[in-house]
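Scroll down for the structure; my scribbles are underneath it.
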Amino acid sequence: MPRSALLPLRARIVLDQQFEEIGLMMAMAMTSATMPDPAPRLLDFTVLGPLRAWRGGTRLDLGPLRQQALLAALLLRPDMTVSQRELLDGVWGVEPPGSGSKIVPVYVHRLRRCLGTLGEGAQEPVIARERGGYRFVSRGTAVDVMRLDEAADEAAAARRSGDLEAAASACLDALGLFQGEPLAGLPGPFAEAERLRLEERRLTLLQEKVECQFQLGRFEDAVGELHALIPKHPHSESLTSLLMRALYGSGRQADALAAYSHLRRRLVEDLGVEPGERLRRVHQAVLRGDDAALDLVSRDETGRGASARVPSARRVPDELPAEVGELVGREDELALLTGPGPAVAAVDGVAGAGKTALAVRAARALRGDHPDGCLFVELHGHSERRGAVPPERALRRLLRAVGAGDGSGDLDELAASWRSATAGLRLLLVLDDASGADQVRPLLPAGAGSRVLITSRRRLVGLDVDSRVSLGPLTRQASEALLTRIVGAERAAAEPVAVRELASMCDRLPLALCIAGARIQSRPAWAIGHLVRRMTDARRRLGELTAEDRSVEGAFRLSYDRLPSAERRAFRALGTAPDGRSGHRALAAALGWAAQGAERALENLVDANLVQQPAVHQYRLNGLLALFARELAAEEAQAPGRANLVAVASAPVRF
């Protein structure tokens, strides 16, 4: 018997964690750095059916059912600390395990080993240990419930705008995410409660879809689906009400009355109750043939539904988000985007440079020239809670928006349908926060009358565009004007030197300026100089530039986390260089890389707008980005167990 088998379970878990970290560090040290490593693979979870997980397309073994139930209890409360007591109650209920709370860290340890880590090496586990419990880290993960929320939001927005076709199609997309009973087979009160909640969500979406079908006169489309659901919910008055209306709208009045009789018999025999008032009103309306009371489109003289009528004119979509305040300091860039000529323009820049605000302002100036509508698609290329939108999903959404149906087929077929649908249109399309050229290329409309504005943190050098706009810092005058607009002219005039210093400390970056201005605006007792003094300490500066869910450091980290590991290492190393400056050969020598590999990594950082290039083969980090890179390097050096394991991974880079 191996000696490790004689150790207590907790000691074995600690040893396993230490050996795992040592192995990861040795693998990092031995890996050739001449070629950038691939980006971390996304963790993908499904709960709208059996709980499953994939990393980069590889199915993961999540272990026994109780362990899966514990994962679900964390997964469905993302970024929230859940205590061991809550986990025990949620997974075991009134029958706690014989080992008590000791089983929770055992299951968490197994899940960590199964799910892997976020970022490089063993930097951050997917399940973090917090004071008092555990927290599921949602960054770098995707859950089908998020996609369900997106599709449901699309349906609600389409219905509010009167586009019933799009609303029904979006509901259908949402319903298609269900792959059986949610969290099928998982034990415990938490899983049971979530099953009920998600089943109710499914029924709500179904009812919304059917209501849209009724308004479109498509009664027959709803009958079969409702008939199939009734046996699963034999006492549901709402489903029977929908079925009665669908049957009546299809010209089957007798069948609609029979459906009422069947439900009434079940309610009386099984529960001893009569149908409720709402269902009785539907029954009376069917008896009277009252279309208005049933909230149905009028039937024609043949008794058939009105689906054959000519539909009313489609509303021209205008999906631009609301603007807050005036655009400051981007007059030249705005003129370039709104001038004649460019059919496809790309706007890039570091996180927080104001790319979306510029694109929206340009689109508002251009939309009068595009009578077929203005579409806005958030691609979530750098979103904290959502993965990048696949081109297929974006195309289906766009096809619905122009009234070309919900789209079917693979990416090539959808792209062909989109080109065909837009060949004769004059559309204005804003594609916000693109992750890369591959995500955007299939979304470009056909025809000479349309115009496209694309924003991205990357320069999208792989995409053919007519015009490129790269956003840098605001001018000194513009940054001070932006702060003045937020904090008020009177307060700014009282402290002009402090306004100038604060703008400089914010690198004249719009996001940083807005956060700093909002903090002063919300604290009348603060002088502007007070925040300047707080930010004088470079170690505190990034922490001060945080307001609720907006954070300069958080925005930078989203860009950093999506880099391949070699580029992340180069970024950290550049942060430790004197003045944040280095040539590619000096960086290569410091990291033990080939010069070509170092140059490739640095050039990719330039394309990601994380590093500036003042001259050929010269690279530098400025201001807030340099502070961020130094913080990352310090975190790397202080990671537990790293300093004494592999010197190359922990020692400061020497230039």
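Mapping to this note's numbering: the sequence shown position 297 is 280, numbers consecutive.
All C-beta atoms in this analysis are idealised placements derived from N, C-alpha and C, irrespective of residue type, glycine included.
Restricting attention to alpha helix (DSSP H) runs no shorter than 4 residues, the stretch 383 to 450 encloses them at 394 to 405 and 420 to 423, ordered along the chain. Distance check between Asn592 and each of Ser565, Ser542, Arg552 and Ser548 places Ser542 closest, using alpha-carbon atoms only. Boundaries of the alpha helix (DSSP H) harbouring Cys97: Ile86 to Leu98, taken from the DSSP string. Excluding its 5 nearest sequence neighbours in each direction, Arg178 has C-beta neighbours in its own chain below 6 Å: Pro165 and Leu166, listed in chain order. Per DSSP, the unbroken alpha helix (DSSP H) holding Ser221 starts and ends at Glu220 to Gly232. With contact defined as three or more Cβ pairs closer than 8 Å, the stretch 306 to 320 and the stretch 405 to 419 are not in contact. Boundaries for Asp156: no beta strand (DSSP E) harbours it, while the alpha helix (DSSP H) harbouring it runs Leu147 to Gly159, taken from the DSSP string. DSSP, reduced to helix, strand and coil, places Gln595 within a strand of the structure shown. With 16 or more neighbouring CB atoms inside 10 Å of its own CB, Met227 falls in the buried class. By the neighbour-count definition (other C-beta atoms within 10 Å, threshold 16), Glu137 is a buried residue. Per DSSP, reduced to three states, the secondary structure at Ala111 is strand.
According to the DSSP secondary-structure assignment, Ser462 is paired through a beta bridge with no residue. Assigned with DSSP and collapsed to three states, Asp490 falls in coil, not helix or strand.
In this structure Ala141 is in contact with Ala149, their Cβ atoms being roughly 4 Å apart against a cut-off of 8 Å. Boundaries of the beta strand (DSSP E) harbouring Leu358: Cys357 to Glu361, taken from the DSSP string.
In this structure, Ala429 places its C-beta atom within 9 Å of the C-beta atom of Ala406.
Distance between Asp44 and Leu492, taken at the CA atoms: about 45 Å. Beta bridge pairing from DSSP links Leu131 with no other residue. For the 9 Å CB-CB criterion, Ser450 and Leu341 do not form a contact.
By the Cβ rule, the stretch 420 to 436 does not count as touching the stretch 452 to 461, because fewer than three pairs are nearer than 8 Å. Across the structure, Thr64 and Glu473 are spaced so that their CA atoms are roughly 43 Å apart. Rounded to the nearest whole angstrom, the CA to CA distance from Arg468 to Gly322 is 28 Å. Just so you know, the alpha carbons of Leu254 and Leu31 end up roughly 30 Å apart. Proximity to Leu147 across Ala211, His266, Gln422 and Val385 peaks at Val385, based on C-alpha coordinates.
Taken through DSSP and simplified to helix, strand or coil, Gly324 comes out as coil.
Beta-carbon to beta-carbon, Ala616 and Leu585 are separated by about 16 Å, too far to satisfy the 8 Å threshold. If you draw a straight line from the Cα of Ala556 to the Cα of Leu608, it is about 13 Å long.
The alpha-carbon of Arg517 is positioned some 39 Å away from that of Arg347. Classified as exposed, Gly39 has fewer than 16 neighbouring CB atoms from the shown chains inside 10 Å of its CB. Close CB contacts of Gly364 within its chain, under the 6 Å cut and outside five residues either way in sequence, are with Ala371, Asp416, Ala417 and Ser418 (chain order). In the DSSP assignment, Val372 falls outside any alpha helix (DSSP H) and carries neither an H nor an E. The same chain holds no residue with a CB closer than 8 Å to that of Glu314 once the five nearest residues on each side in sequence are set aside. By the criterion of a C-beta distance shorter than 7 Å, Gly259 is surrounded in its chain by Glu220, once the five residues flanking it on both sides are discounted. Secondary structure remark: continuous alpha helix (DSSP H) runs of at least 4 residues inside the stretch 525 to 583, in chain order: 535 to 544, 548 to 559 and 567 to 574. 9 Å or more divides the Cβ of Asp278 from the Cβ of Phe161.
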